[in-house]
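One structure is given here, and the rest of the page talks about it.
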Amino acid sequence: MEYFLELFFGGLTRGSIYALLALGYTMVYGIIQLINFAHGEIYMIGAFTALIAASALSMLGLDGWSLLAIAGLAAVIYSAAYGFTLEKIAYKPLRKAPRLSPLISAIGMSIFLQNYVLLAQTSDFLSFPALIDEFPFMEDVTIIRSSELVIISVTALSTALLTIFIKFTGIGKAMRAVAQDRIMAMLLGVKVDRVISVTFIIGSALAAVGGVLISSHVGQINFYIGFIAGIKAFTAAVLGGIGSLPGAVLGGLVLGWTESFATGYVSSDYEDVFAFGLLVFILIFKPSGILGRSSAEKV
Amino acid sequence: MKIMNSFLTVLVMVLSAAPVFALDTIKLGVAGAHTGDLASYGIPSLNAARLVVADRNAKGGILGKQVDILAEDDVCKPEVAANVATKLVSQDVALVLGHICSGATKAALTLYKDAGKIIMSSSATNVELTKSGVYPNFFRTISPDDAQAMLQVEFAVNTLKVKKVAIVHDKGDYGKGLAEFAKGFFGKKGVPPVLFEGITPGAVDYSAIVQKIKSSGADAVVYGGYHPEAAKIISTMKKKKMKAVFISDDGVRDDTFIKVAGKYAEGVYATGPIDTSKNAMAIEAIEKHKKTYASDPGAFYLNAYAAAICLLEAIEKAGSTDSEAISKALRGTWFDTPLGKISFDERGDALGIGFAMYQVVKGRYAEVGK
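Top to bottom, those sequences are chains A and B. Here this note's numbering is used: the first residue of the first sequence is 286, the next is one more, and so on. Here this note's numbering is used: the first residue of the second sequence is 222, the next is one more, and so on.
Now the structure itself:
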């Protein structure tokens, strides 16, 4: 039972990171029907920003939770700025182009950002400080570690805040309107450009949160970490039903658990086989994903 | 016509007399890729042989005879290697330094064996060449492919007294290859692995596999792969307060590993090549190459340099070019070479070269055993 719980929380932790990233994919897709392939890179940039900020701040003598909070905030702001700029540079000029063009642009931005960090920082792996302190009361608990608990809680909190934001604020309402019908929303006076920018900012901020948390958890980063995480999170978003916010979270968790249990009870050799096998299986029976709504193509 | 005939007679006499003069030299065949794609692996060995021989000849040769090099190019192709072997045997070489590639070496070996010729390679790492026991005439001054795994297993079982072992690898050629050798050796030692699994490099975290290692009750983890994953696994293990020792390979015996894993690297074992950079003979050999060829020596240079020294010394020691006597001398003598003091075991693998076990002590790799 203990083994099961350890795998459960391990999967939940990994799934939370996937979920934070998948939210960004799904929000952008919901609003402009674009797969933002550069999203994984935003996550990586968030982690790098936190590392730089944390190194600078710890030299000033800060430590513990304040260090995590300030470094995390710096990462969120910086990544959000990147997300905002990314949209303005790479996607906005292509808003009226065929759907394939922004997709190619996204892949290009992904490669560009990876290489930019490679050149501006380093190709080496870097050690990432453990920003999350061990809780004293967790001393004797073996099934879950403090950093895992923090990752799971932060994800839950972020998801809750996002839901409130979408449901109850004006801009949230505008986002839902644009997602339903962009042209109609525009005709009714919704500032579509602003809504899209806000979407990118929120998505990027969530990705940065994920990047900082997981890097602190595993203790290392390099310029390439966004790639695999991005692919997995995209898978999670499709699994849960792309365009659906609860779907992205559910997809992330299901993927995390599948990988964790597949490793724990079968073999880690087949971790990815199980993850993608599950995706295929679900898409056969529910082509629009677990919580996705099958919408008729607009004519 | 008559004049022509007598001319031919003279010519035949001169030619048949030639081997009589040649008996005054000892012929050393040097076979390997000297042209083609893989020439960069073969040329350094040829250069090494030339330098060692020139050095020796200047000091009066061996057993009072000068040494002659017969260089033959096999372009690392098995079929060409067989021709080269036939040619060298027919020219009655005393010994052969080569070949370079394992495939070519294997193809040539039977021919040398039938002719009773000793051959020593500086670069053929295929395990079967020595372990099969089929080629008693074969020696090498490089570690076989499974040497690291062998060292890991011996160290784990004999020194660390490991009872239960988990083997993890990164599914790559290098990591998985080593892990499979280690699995075989552990089995032979009576410590069959409780876990043998591959992980996906670059995954977000490895908590599930670490959990699995923990519940398997292993007291040692042998990891085949590179340092980024090793750093993630060892830090996750230490954070979960696991006591199991972590043993890895050359891919982890890298200062980047210590830098990334930080305090969690402490106590980790890793095999790595024995350090020859401070060996006086190695420094001298490299200087010589730079002076003679105006370039840095390439791959396997020191191995070939050591091989040439061993071969020539063995003739000296044996007192003749008789193969039996030479192979006895090779197995029974410790030679001073740029790779350190080396000798050869029953199968023809060199002793005293290759890998050593290192451990991270106070943030640095320190040698703890050979």
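Cβ atoms here follow ideal geometry from the backbone N, Cα and C, with glycine treated the same way. Keep in mind the model is a prediction, meaning the values are calculated, not measured.
>> Run through chain B and tell me which residues come within less than 9 Å of residue 509(A), C-beta to C-beta.
In response: Going along chain B in sequence order, the residues near residue 509(A) (Cβ under 9 Å) are 423.
>> So, under 8 Å CB-CB, residue 263(B) and residue 321(B) are touching, yes? Tell me the CB distance rounded to an integer number of Å.
In response: So it is a contact: roughly 5 Å between Cβ atoms.
>> Can you pull the chain B neighbours of residue 454(A), defined as C-beta to C-beta under 8 Å?
In response: The contacting residues do not exist; residue 454(A) stays about 32 Å from chain B at best.
> To which residues does DSSP link residue 490(B) through a beta bridge?
Replying inline: Bridge partners of residue 490(B): 468(B), 580(B).
>> Mapping the DSSP letters down to three states, classify residue 318(B) as helix, strand or coil.
In response: Three-state DSSP puts residue 318(B) in a strand.
>> Quick check on residue 418(A) - is its C-beta less than 8 Å from some C-beta in chain B?
In response: False, the Cβ-Cβ gap to chain B never drops below 8 Å.
> residue 288(B) touches chain A at which residues, Cβ-Cβ below 7 Å?
Replying inline: Correct list: empty, because the minimum Cβ distance to chain A is about 48 Å.
> Using 8 Å as the threshold, is the segment 518-534 of chain B in touch with the segment 270-289 of chain B, meaning 3 or more CB pairs across them?
Replying inline: Under the Cβ criterion (8 Å, minimum of three pairs), the segment 518-534 of chain B counts as touching the segment 270-289 of chain B.
> Looking only at C-alpha atoms, which of 483(B), 374(B), 563(B), 485(B) sits nearest to residue 526(B)?
Replying inline: Here the closest residue by C-alpha is 563(B).
> Which value, in whole angstroms, describes the spacing of the CA atoms of residue 332(B) and residue 356(B)?
Replying inline: Straight-line Cα distance between these residues: approximately 11 Å.
> residue 514(A) versus chain B: which residues are under 8 Å apart at the beta carbon?
Replying inline: Here the neighbours are 425.
>> Taking its Cβ as the centre, do 16 or more other Cβ atoms sit within 10 Å of residue 247(B), making it buried, or is it exposed?
In response: Residue 247(B) should be labelled buried.
> Which residues mark the beginning and the end of the beta strand (DSSP E) in which residue 341(B) is found?
Replying inline: Element bounds for residue 341(B): 339-342.
> In its own chain, which residues sit with a C-beta less than 6 Å from the C-beta of residue 299(A), not counting the 5 before and 5 after it?
Replying inline: Cβ neighbours of residue 299(A) beyond the five flanking positions: 541.
> In angstroms, rounded to a whole number, what distance separates the CA positions of residue 530(A) and residue 557(A)?
Replying inline: Cα to Cα, residue 530(A) sits roughly 24 Å from residue 557(A).
> Mind checking whether residue 521(B) and residue 343(B) have CB atoms under 8 Å apart?
Replying inline: Contact flag set, yes.
> Within 8 Å (strictly less), CB to CB, does residue 418(B) reach chain A?
Replying inline: Taking 8 Å as the CB threshold, residue 418(B) lines the interface with chain A.
> So residue 329(B) packs on residue 305(B), CB below 8 Å; how close in whole Å?
Replying inline: 7 Å between Cβ atoms; contact.
> Taking Cβ-Cβ distances below 9 Å as the criterion, which residues of the segment 290-324 of chain A are in contact with chain B?
Replying inline: Result list: 291, 292, 294, 295, 296, 298, 299, 302, 303.
> Count the other CB atoms within 10 Å of the CB of residue 340(A); is the residue buried (16 or more) or exposed (fewer)?
Replying inline: Exposed.
> Any idea if residue 283(B) is buried or exposed, counting beta-carbon neighbours within 10 angstroms, 16 or more meaning buried?
Replying inline: Buried, since its Cβ has 16 or more Cβ neighbours within 10 Å.
>> Pairs of beta-carbons, one from the segment 497-506 of chain A and one from the segment 453-461 of chain B, closer than 8 Å: are there three or more?
In response: Output reads yes: the segment 453-461 of chain B touches the segment 497-506 of chain A.
> Which chain B residues are close to residue 448(A), counting only those with a beta carbon under 8 Å from its beta carbon?
Replying inline: For the C-beta of residue 448(A), not a single chain B residue is nearer than 8 Å; the gap to the nearest is close to 24 Å.
>> Below 9 Å on C-beta distance, what does residue 424(A) contact in chain B?
In response: Under the 9 Å cutoff, chain B gives no residues; its nearest Cβ is about 10 Å from residue 424(A).
> How about residue 528(A): is its Cβ closer than 7 Å to a heavy atom in the ligand ADP?
Replying inline: The model depicted lacks the ligand ADP and carries no ligand whatsoever.
>> Spatial neighbours of residue 438(A) within its chain, please: C-beta separation below 6 Å, excluding the five flanking residues on both sides.
In response: Within the same chain, residue 438(A) has no close Cβ partners at all.
> Skipping 5 residues on each side, what residues in its chain have a beta carbon closer than 8 Å to that of residue 369(A)?
Replying inline: Answer for residue 369(A): 482, 485, 486, 489, listed in chain order.
> Of all the residues that make up the segment 449-475 of chain B, which are near chain A by a beta-carbon distance shorter than 9 Å?
Replying inline: Of all residues in the segment 449-475 of chain B, only 449, 452, 453, 456, 457, 460, 461, 462 place a beta-carbon less than 9 Å from a beta-carbon of chain A.
> Expressed to the nearest angstrom, what Euclidean distance is found between the alpha-carbon atoms of residue 473(B) and residue 446(B)?
Replying inline: Rounded to the nearest angstrom, the two C-alpha atoms are 7 Å apart.
> In angstroms, rounded to a whole number, what distance separates the CA positions of residue 374(A) and residue 516(A)?
Replying inline: Residue 374(A) and residue 516(A) have their alpha carbons spaced roughly 23 Å apart.
>> Just verifying my parser: in three-state terms, what is the DSSP assignment at residue 249(B)?
In response: The answer is strand: DSSP assigns residue 249(B) an E or B state.
> Near residue 367(A), which residues of its chain fall below 7 Å by C-beta distance, leaving aside the five closest residues on each side in sequence?
Replying inline: Cβ neighbours of residue 367(A) beyond the five flanking positions: 327, 330, 489.
>> Can you confirm whether residue 247(B), when its beta carbon is compared against all beta carbons of chain A, has any partner nearer than 8 Å?
In response: Taking CB atoms only, residue 247(B) has no neighbour in chain A less than 8 Å away.
> Considering only residues of the same chain and omitting the five flanking positions on each side of residue 453(B), which have a CB-CB separation below 8 Å?
Replying inline: Hits under 8 Å: 426, 427.
> Listing by chain order, which chain A residues have their CB less than 8 Å from the CB of residue 362(B)?
Replying inline: Those do not exist, as residue 362(B) stays about 33 Å from chain A at its closest Cβ, beyond 8 Å.
> Leaving out five residues before and five after residue 482(B) in sequence, what residues of the same chain have Cβ atoms less than 7 Å from its Cβ?
Replying inline: These residues qualify, in order along the chain: 452, 455, 456.
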